[in-house]
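Peer 1: Protein sequence lines, in the order shown, are assigned to chains A and B.
This note's numbering puts the first residue of the first sequence at 6, with every later residue one more than the last.
This note's numbering puts the first residue of the second sequence at 15, with every later residue one more than the last.
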Amino acid sequence: MTDVPLTPPGPGGANPSSAEIVARGFQRYDGPRSGVLGAIRSVSWQSMRSTLGIGRPARHKIFPVIAVVIAYVPAIVFVGLAVLVGDLLDPNEVADYPGYYAFITAAILLFAGLVAPEVLVGDRRNGMLALYLSTPLHRGTYLVAKAVAIGVTLMLVTLGPPLLVLIGYTFESVGPDGFGAWMAVLGRIIVSAFAVSAALTSISMAAASITDRRAFASIGVVLIALASPAVAGALVDGAELSPNWRLIDVFSMPFELVYRVYGEPGNFPELSTFNVIAVNLAWTLGGLAVVAWRYSRLVISR
Amino acid sequence: MEFPSTRALDGLDLAVPPGVTGLVGANGAGKTTLISLMLGLLRPTSGSLSVLGLDPAKNGPELRARIGYGPERNVLPDDLRAYDFVRHLAEVKGLPRDEARTRASDSLYLVGLGEERFRALGTMSTGQRQRVKLAQAIAADPTLVVLDEPTDGLDPVQRDEMLNIIVDINRTFGIDVMLSSHVLEEVERICDHVVALDAGRLVAQGTMTELAGASGGVAVELVDIAEVPGSIDQVEQQLAAAGASVRRNGPILELSGPSDDELFDAVTAAVADAGARIRKLGVRRRTLDDVFTADVVSAEYAGRAPGANEGSDR
């Protein structure tokens, strides 16, 4: 330990000030440690920062900023309409809460295609996975941390914009009537955002666990999002198979679930709500099972 | 420890005391597999293992919180600053945020990167990256630091500096160190104990003084004199005739016999008779290289015996 006086000693060695800079150097530490939960929290937080480009060069901030802007612009427009022409036009007629997701599908897709590959593939390529597994984390808790990071980051675009609309409408007195109704809408917004985030987290994690190339994983997510509605449409509308074949539409089903959360028939009223819930659960758990299987077989290079 | 296609560790039975321990062996000897077992990242196919009094298979998270690990791979996140990298891993190891910040700086200063700590890892040299890996391994104040080839890719000056830091970590702060290396000279230089592996088998273990150092016998280096051709051959033959066991390597003769005093006398007499000249004469020192070579040869010989592969991993 080196003690460096802030001010020179006075006459006779007396120090007029008790303040001093202490360069304590490397020392042993015997204080508290946060354990596995702390490790999960830290990895999740660092992953979210990394995904959003925080603490990284500017080029890493471009895509997250674009996605966030796309997601929030409609909300800002709707709130703006409520402020400017709220007395002429009922904003709820322009876009209801479940319908809002139709405006931000591109942002959600961009985020889903970007976030998981960044969070998972990056660790495998830059050696962080091996380092994380030498900490209190094991493969399971590591994946929990990553799933939390991806899910929470996705909620930036699935939860934030509808919440902004609710708050904006409320201040303009065009929101839900009464505290009970307001809380019900809030609950539905949260459940919807959670359901969409969970499904897309799982699917994008599965895609990111299969390849070691970030770009391939991102393209995989986008392809699933574009191809599965097309295939489902071809089977039901073209080949005239059972409407239940719509359930293979991985990308549309989470948004269909949002309508059901609000008690509306949605885009595919021929599907039962039970089937919509079940298929979302199945896609979510199926995606996570793929991730768990891939990581259980992964040989960690040290 | 057995993988589907290979037996990576076989019949390993060892105890490692505190201090600086060198894990030596050629590439593929099983060093990294042993480290993975110690960290609880692999489970032994048979046998048992205890590290810092804990079973890695059962108490992996608790154990890994007390171990700092520096991997062999030199690939790190390029756009992360060294300070952020070390701080983050200290937090993952359980340190509170403020403490992790302070210790990240302290660790980077300790390894000589204090002024460089805010540089991105991608802009750092191999030597600096090795230091960053060491800094992250010690930042959370582990009881044991496990370093996999910490001097890989370093030039001689950087290697000396790195070895000095590793010794300092043990001697000054009391943190036990296990380092794996295939460079026997550096292990010999800084380690208190050695575990030598070859093809997954233990070929030697013990303290440096037990394994290397003065080994009994005499070594003499002679000068090849043009005017007296065959003088070295004559000395060799005379010493062998006197009953000494002689191993020749060019102008160097390594002798063993009943006593070193008798060997010294025999050497001076033989050299005088042959008209040879001595360049260097002294007690023979056994290097880790000698130990490893001799023990690998004997282990390979023993490995051909029936049942030599039976045993348990410990």
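Here a beta-carbon is modelled for each residue, glycine too, at the ideal position from N, C-alpha and C.
Since the structure is predicted, the reported quantities are computational estimates derived from the model, not experimental observations.
1. Looking at chain B, is there any beta carbon in it that lies within less than 7 Å of the beta carbon of residue 166 (chain A)?
2. Distance check for residue 276 (chain B) and residue 29 (chain B), CA to CA, integer angstroms please.
3. With a threshold of 7 Å between beta-carbons, can residue 140 (chain A) be considered close to chain B, or not?
4. What residues from chain C crowd round residue 187 (chain B), counting only those whose CB sits closer than 9 Å?
5. At 8 Å on the CB atoms, spell out the chain B contacts of residue 136 (chain A), in chain order.
6. Please tell me whether residue 176 (chain B) has its Cβ less than 7 Å away from any Cβ of chain A.
7. With burial defined as no fewer than 16 other Cβ atoms inside 10 Å of the residue's Cβ, what is the status of residue 41 (chain B): buried or exposed?
8. Could you tell me whether the Cβ of residue 263 (chain A) comes closer than 7 Å to any Cβ of chain B?
9. The beta strand (DSSP E) that contains residue 38 (chain B), what's its start and end?
10. According to DSSP, simplified to helix, strand and coil, what is residue 207 (chain B)?
11. Distance check for residue 295 (chain B) and residue 251 (chain B), CA to CA, integer angstroms please.
12. What do you get for residue 31 (chain A), buried or exposed, if any count of 16 or more other CB atoms within 10 angstroms of its CB means buried?
13. Can you pull the chain B neighbours of residue 62 (chain A), defined as C-beta to C-beta under 7 Å?
14. Does the pairing of the segment 46-66 of chain B with the segment 93-101 of chain B give three or more beta-carbon distances under 8 Å?
15. Run through DSSP, which three-state label would residue 294 (chain B) get?
16. Are the CB atoms of residue 292 (chain B) and residue 265 (chain B) nearer to each other than 7 Å?
17. Below 7 Å between beta carbons: does that hold for residue 201 (chain A) and residue 274 (chain A)?
18. Out of A:185, A:104, A:133 and A:101, state which residue places its alpha-carbon closest to the alpha-carbon of residue 84 (chain B).
19. Give a yes or no on whether 7 Å exceeds the smallest Cβ distance from residue 79 (chain B) to chain A.
20. Would you call residue 67 (chain A) buried or exposed, if buried means 16 or more other Cβ atoms sit within 10 Å of its Cβ?
21. So with Cβ pairs under 7 Å, would you call residue 72 (chain B) a contact of chain A?
22. Taking 7 Å as the cut-off, decide whether the C-beta atoms of residue 124 (chain A) and residue 197 (chain A) are in contact.
23. I want to check one thing, is the minimum distance from the CB of residue 109 (chain A) to the heavy atoms of the ligand GDP below 6 Å?
24. Just checking: is the beta-carbon of residue 41 (chain A) within a distance shorter than 7 Å of some beta-carbon in chain B?
25. If you follow the beta strand (DSSP E) that residue 261 (chain B) is in, where does it begin and where does it stop?
26. Buried or exposed: where does residue 45 (chain A) fall if 16 or more other Cβ atoms within 10 Å of its Cβ makes it buried?
27. Closest to residue 140 (chain B) by C-alpha separation, out of B:87, B:177 and B:236, would be which residue?
28. Please report the distance separating the alpha-carbon of residue 251 (chain A) from that of residue 286 (chain A).
29. Let's see if you can read the secondary structure: which residues bound the beta strand (DSSP E) around residue 218 (chain B)?
30. Of all Cβ atoms in chain A, is any one closer than 7 Å to the Cβ of residue 237 (chain B)?
Peer 2: Let me spell this out:
1. So no, residue 166 (chain A) is outside the interface.
2. Distance between the alpha carbons of residue 29 (chain B) and residue 276 (chain B) is about 39 Å.
3. Yes, its Cβ sits closer than 7 Å to a Cβ of chain B.
4. Going by chain labels, chain C is absent from the structure shown, which instead holds the protein chains A and B.
5. Those within 8 Å of residue 136 (chain A) in chain B are 83, 85, 103 and 150.
6. Not closer than 7 Å to any Cβ of chain A, the Cβ of residue 176 (chain B) fails to qualify, so no.
7. So residue 41 (chain B) counts as exposed.
8. No, because no Cβ of chain B sits closer than 7 Å to the Cβ of residue 263 (chain A).
9. Run containing residue 38 (chain B): 34-38, per the beta strand (DSSP E) assignment.
10. The three-state reading of DSSP puts residue 207 (chain B) in strand, counting E and B together.
11. Note on geometry: alpha-carbon atoms of residue 251 (chain B) and residue 295 (chain B) lie some 18 Å from one another.
12. By the 16-neighbour rule on beta-carbons within 10 angstroms, residue 31 (chain A) is buried.
13. Going along chain B in sequence order, the residues near residue 62 (chain A) (Cβ under 7 Å) are 93.
14. Under the 8 Å Cβ criterion, the segment 46-66 of chain B does not count as touching the segment 93-101 of chain B, having fewer than three qualifying pairs.
15. Residue 294 (chain B) falls in the strand class under three-state DSSP.
16. Taking 7 Å as the cut-off, the beta carbon of residue 292 (chain B) is found no closer than this to the beta carbon of residue 265 (chain B).
17. Not a contact, by the Cβ cut-off of 7 Å.
18. Cα-wise, what sits closest to residue 84 (chain B) is A:133.
19. It does: the Cβ of residue 79 (chain B) has a partner Cβ on chain A nearer than 7 Å.
20. Per the 10 Å Cβ criterion, exposed.
21. Chain A, which has no Cβ nearer than 7 Å to the Cβ of residue 72 (chain B), makes this no.
22. Pairing residue 124 (chain A) with residue 197 (chain A) gives a Cβ-Cβ distance that is not under 7 Å.
23. Annotation note on the ligand GDP: not contained in the displayed structure, which lists no ligands.
24. Nearest CB-CB separation between residue 41 (chain A) and chain B: below the 7 Å threshold.
25. Where residue 261 (chain B) is concerned, the enclosing beta strand (DSSP E) stretches over 259-263.
26. Burial call: buried.
27. Of B:87, B:177 and B:236, the residue nearest in Cα terms is B:87.
28. As the crow flies, the alpha-carbon of residue 251 (chain A) is around 15 Å from that of residue 286 (chain A).
29. Start and end: 215-221.
30. Chain A contact via Cβ: absent.
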